[in-house]
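Just so we're aligned: the sequence shown equals residues 71 to 238 in the numbering used here.
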Amino acid sequence: TQQCTLDGKTITVHVLDTAWQANGFSIKDDQIVWADAIIMVYSITDRKSFEKLREVADYIISKKTDSKTVLALVANKSDLVHMSCVTNLEATQFCAEYNCLFFETSASENYNSVTNAYMSVCKQVKSNYKKREKISKFMQNPAIKAKLQIRNPIRGLEMKWRSRAPTM
């Protein structure tokens, strides 16, 4: 558990740090379902760490029921670009495929880049919650509820009529 300040307010963030193990994942399915955000980190100097994340991302997506979970890909050791085994293009393609945020960091030389990535993920989670709250409040409006209650039976009838339409 960690306290941090986001947009002038103190928030509590529960961090579960797991690592890939040779015999599989050390994270449990219920922990994946519980998470509002998942940050996947690889070293730009270790191609295997990047390649393993594809398997990790596939596993996470197969277990996750909520598409609002923030996924982030973090390229660490950006100070060692001369030893890089993973291109930015590959990372960008990964992010496009898995709908991830992307950050480049250097934990050894630029700790602020790590903090910025972490805080950006927290902001995205907060943004997702605000959107959910707006939708929830919108759906509580009695006029909206009434319209939805009327439209759903009409849609059902429309589908029945379409299925009975004669074809030539």
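Glycine included, each C-beta is placed from N, C-alpha and C at the ideal position. Every value quoted in this text rests on a predicted model; they were computed, and no experiment measured them.
Exercise. Around the C-beta of residue 238, are 16 or more other C-beta atoms found within 10 angstroms, so that it is buried, or is it exposed?
Worked result: Position 168 of the sequence shown, counted from the first residue, corresponds to residue 238. Note that residue 238 has pLDDT 49, beneath the 50 cutoff, so the model's placement of it is unreliable and no number is given.
Exercise. Skipping 5 residues on each side, what residues in its chain have a beta carbon closer than 6 angstroms to that of residue 113?
Worked result: Taking the first residue of the sequence shown as position 1, residue 113 is located at position 43. Counting only Cβ-Cβ distances below 6 angstroms, and skipping sequence neighbours, we find 119, 146, 147.
For this session: Using a threshold of 8 angstroms, state whether the C-beta atoms of residue 76 and residue 193 are closer than that.
Result: In the sequence shown, residue 76 corresponds to position 6, counting from 1. In the sequence shown, residue 193 corresponds to position 123, counting from 1. Against a cut-off of 8 angstroms, the Cβ pair of residue 193 and residue 76 comes out as a contact.
Exercise. The alpha helix (DSSP H) spanning residue 103 covers which residue range?
Worked result: Position 33 of the sequence shown holds residue 103. Start and end: 99–104.
For this session: Drop a sphere of 10 angstroms on the beta-carbon of residue 81, count the other beta-carbons inside from all chains shown, and report buried for 16 or more, exposed for fewer.
Result: Translated into positions along the sequence shown, residue 81 becomes position 11. The residue is exposed, with fewer than 16 neighbouring Cβ atoms inside 10 Å.
Problem set entry | Contiguous beta strand (DSSP E) assignments of at least 3 residues, all confined to the region 121–177 | 140–146, 171–174
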